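First comes the structure, then the notes that go with it.
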Amino acid sequence: MDRAGAIEDLLTRRVAQVVESGALRRLLAGDRPLRVKLGFDPTSPDLHIGHGVVLERLRAFQDLGHTAVLVVGDTTAQIGDPSERNTTRPILSADEVRANAETYLAQFHRVVDQARTEVRWQSEWFDTFGLREVFALMSRFTLARMIERDTFAKRLAEGAPVSMHETLYPLLQAYDSVAVQADVELGGTDQTFNLLVGRDVQRDFGQDPQQILTCELLVGIDGVAKMSKSMGNAIGLTDPPYEQYARTMSIPDSLLPNWARLVTRWTDAEAEAFLADLAADRTHPKAAKQQLAREIVSRWHSEEAAAEAEARWEQEVSGGQLVSEIEETTVTVPLAGISLPDLLVAAGLASSRSVGRRLVRQGGVRVDGEFQTDELRMFAAGIDHEVRVGKRQAARVRLT
RNA sequence: GGGUAGGUUGAGCAGGUGGUGAGCUCCGCUGACUGUAGAUCAGCCGUCUUUCGACUGUGGGGGUUCGAUUCCCUCCCUGCCCA
Numbered sequence: 018m019d020r021a022g023a024i025e026d027l028l029t030r031r032v033a034q035v036v037e038s039g040a041l042r043r044l045l046a047g048d049r050p051l052r053v054k055l056g057f058d059p060t061s062p063d064l065h066i067g068h069g070v071v072l073e074r075l076r077a078f079q080d081l082g083h084t085a086v087l088v089v090g091d092t093t094a095q096i097g098d099p100s101e102r103n104t105t106r107p108i109l110s111a112d113e114v115r116a117n118a119e120t121y122l123a124q125f126h127r128v129v130d131q132a133r134t135e136v137r138w139q140s141e142w143f144d145t146f147g148l149r150e151v152f153a154l155m156s157r158f159t160l161a162r163m164i165e166r167d168t169f170a171k172r173l174a175e176g177a178p179v180s181m182h183e184t185l186y187p188l189l190q191a192y193d194s195v196a197v198q199a200d201v202e203l204g205g206t207d208q209t210f211n212l213l214v215g216r217d218v219q220r221d222f223g224q225d226p227q228q229i230l231t232c233e234l235l236v237g238i239d240g241v242a243k244m245s246k247s248m249g250n251a252i253g254l255t256d257p258p259y260e261q262y263a264r265t266m267s268i269p270d271s272l273l274p275n276w277a278r279l280v281t282r283w284t285d286a287e288a289e290a291f292l293a294d295l296a297a298d299r300t301h302p303k304a305a306k307q308q309l310a311r312e313i314v315s316r317w318h319s320e321e322a323a324a325e326a327e328a329r330w331e332q333e334v335s336g337g338q339l340v341s342e343i344e345e346t347t348v349t350v351p352l353a354g355i356s357l358p359d360l361l362v363a364a365g366l367a368s369s370r371s372v373g374r375r376l377v378r379q380g381g382v383r384v385d386g387e388f389q390t391d392e393l394r395m396f397a398a399g400i401d402h403e404v405r406v407g408k409r410q411a412a413r414v415r416l417t
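Taking our numbering, the leading residue of the first sequence gets 18, the next gets one more, and so forth.
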């Protein structure tokens with residue numbers, strides 16, 4: 018791909034919106050290496066494949082000779098991004114923040130070139146930020162402007178609490194752009210408001226406002242909310258191959274377009290062809306999803322890992338035979354033996370004895386392949402058992 | 001500061017002004033069906049209990065009472081109105 022084509026691709030592929038695309042095009046056409054900012058809060062360090070979309074755009078900037086500027090939000094982490102619903106966040110210790118940042122960076126550099134990345138910590142400028150500076154920052158913004166933001170507006174309408182310090186979050190993130198002199202900032206569409214505030218604040222500090230490029234959001238495996246670790250609907254970049262494969266297979270069919278366009282290495286033409294075949298019934302939805310799952314695992318692990326994961330999934334889930342390696346637990350059995358519900362609890366397959374009893378009654382428990390009906394069955398020490406609950410959970414239990 | 005409405009099991013609610021709140025909808029779990037899921041259907045969905053039952057739970061703490069989710073005191077948290 019030539020440079021013009023690469024620029025075009027950068028500005029359109031998986032991109033939701035470019036603020037002032039004309040201005041960004043002129044910057045990209047110039048000789049000056051641009052400073053392309055991306056911020057993250059070191060609250061939860063694990064990246065998921067939805068983040069991959071933004072990282073890949075950042076990498077595309079690098080490939081055109083620009084510099085990635087990663088801002089570690091060690092200050093704003095203590096507020097919590099208001100675009101997440103949860104208001105209460107634990108205050109992290111400095112050590113936790115550092116550890117999270119390290120984990121994050123290791124995953125980040127799987128996509129983004131380390132050599133052309135500048136890592137900056139917010140505390141660098143915010144630790145010496147005085148009340149005067151806070152005043153200056155706040156005075157340039159109005160309450161009306163702040164509460165027009167959709168998440169605040171929504172919470173206010175619902176009668177949910179909005180804390181004052183949360184309104185500070187966008188301002189602090191915006192000031193980061195001043196501190197690192199960002200030319201461009203990237204983010205998901207949920208970051209649009211924060212990114213726009215950055216432009217205003219930069220103008221106030223005499224800088225040219227940054228250009229903004231937002232990426233399409235990936236919908237989580239529940240098919241409803243955007244992918245997020247805290248929602249439990251995410252696939253982590255470092256999740257093991259089988260995990261990634263199986264979780265991809267569990268997405269609803271309706272999500273295939275969203276995923277095919279965002280999380281594959283396919284070109285737009287390839288993705289559209291894939292979707293056209295699906296729509297015209299030339300591809301079975303299951304086969305299509307398997308193709309997608311293979312692509313995801315291949316991308317983050319390897320083709321071999323993807324093939325293995327698929328073979329295992331076919332056997333275990335599709336074929337209904339869970340035979341693979343299972344976690345092994347050792348349980349010390351009292352002289353009288355251990356009852357089935359206790360065994361389930363000890364193996365971590367039930368949260369309480371009552372739950373264990375219910376599972377047995379509902380016919381969801383198998384021991385060594387046999388469905389169990391007697392919730393009072395006792396097990397003696399010395400014999401190991403393979404215990405399964407439902408289709409997914411299993412443990413090998415060593416009784417001593 | 002004044003007023004007012006609230007805080008009930010993971011979430012959202014109902015109920016409840018002294019005589020047993022485990023009731024609903026989500027979520028979740030198990031089974032059936034399928035194409036793995038989803039959808040649909042059936043069941044379950046506080047803890048303990050060989051099933052008879054027992055215990056815990058209505059923001060925290062204290063009080064009155066034979067008995068408190070209910071009455072009283074106090075503290076914490078949230079919405080709205082007024083200033």
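Note that beta-carbon positions come from the ideal geometry of N, C-alpha and C, so glycine has one too. Keep in mind it's a predicted model, so treat the numbers as computed, not measured.
So what's Arg216 in DSSP terms, helix, strand or just coil? Of the three classes helix, strand and coil, the one that applies to Arg216 here is helix, per DSSP.
Can you grab the Cα-Cα spacing for the pair Ser38 / Thr120, in whole Å? Roughly 34 Å separates the two Cα atoms.
Cut-off 7 Å between Cβ atoms - residues of its own chain near Pro187, not counting five sequence neighbours on either side: Within the same chain, Pro187 has close Cβ partners Phe210, Asn211 and Val214.
Is it true that the CB of Leu75 sits closer than 7 Å to the CB of Leu55? Contact flag set, yes.
Hey, could you find the ends of the beta strand (DSSP E) Phe57 is sitting in? Looking at the DSSP string, the run of the beta strand (DSSP E) that includes Phe57 is Arg52 to Phe57.
Span of the alpha helix (DSSP H), counted from its first residue to its last, around Gln307: Run containing Gln307: Pro302 to Trp317, per the alpha helix (DSSP H) assignment.
Using a threshold of 7 Å, state whether the C-beta atoms of Thr7 and Asp63 are closer than that. The question about residue 7 has no answer, for the chain in this structure spans 18 to 417.
Exposed or buried, which one is Lys408 when buried takes at least 16 other CB atoms within 10 Å? Counting Cβ neighbours within 10 Å, Lys408 comes out exposed, since fewer than 16 surround it.
Rounded to whole angstroms, what is the Cα-Cα separation between Met248 and Val151? The straight-line gap from Cα to Cα measures roughly 33 Å.
Bounding residues of the beta strand (DSSP E) (the contiguous stretch that carries Ile229): Here the beta strand (DSSP E) through Ile229 covers Gln228 to Cys232.
To the nearest angstrom, report how far apart Gln228 and Arg115 are at their CA atoms. Spanning the two alpha carbons is a distance of roughly 29 Å.
Rounded to the nearest angstrom, how far is the Cβ of Ala310 from that of Thr265, given a contact under 8 Å? Rounded, the Cβ-Cβ distance is 4 Å, consistent with contact.
Is the beta carbon of Leu203 sitting closer than 7 Å to the one on Val128? The criterion of a C-beta distance shorter than 7 Å is not satisfied by Leu203 and Val128.
7 Å Cβ shell around Pro258 - same chain, five flanking residues per side excluded: Here the set comprises Val314, His318, Ala322, Ala323, Glu325 and Ala326.
Would you call Met244 buried or exposed, if buried means 16 or more other Cβ atoms sit within 10 Å of its Cβ? Under this definition Met244 is a buried residue.
What is the DSSP secondary structure of Trp138, counted as helix, strand or coil? Three-state DSSP puts Trp138 in a strand.
How would you write the range of the alpha helix (DSSP H) that Gln433 sits in, first residue to last? Residue 433 cannot be examined here, being either before or after the span of the chain that is shown, 18 to 417.
Leu27 to Glu175 span [Cα, whole Å]: Near 39 Å, if we compare the C-alpha coordinates of Glu175 and Leu27.
Could you pull the DSSP bridge partners for Met395 from this structure? Per DSSP, Ser356.
When you compare each of Glu387, His402, Glu331 and Ser335 to Ala364 by their alpha carbons, which one comes out closest? Taking only the C-alpha atoms, the option nearest Ala364 is His402.
Within 10 angstroms of the Cβ of Lys303, are there 16 or more other Cβ atoms? Answer buried if so, exposed if not. Counting the other CB atoms within 10 Å of its CB gives Lys303 a total below 16, which places it among the exposed residues.
Can you name the residues that DSSP bridges to Glu287? Glu287 is not bridged to any residue.
Cut-off 6 Å between Cβ atoms - residues of its own chain near Leu361, not counting five sequence neighbours on either side: Excluding five sequence positions before and after Leu361, the CB atoms of its chain that fall closer than 6 Å to its own CB belong to Ala367 and Gly373, given in chain order.
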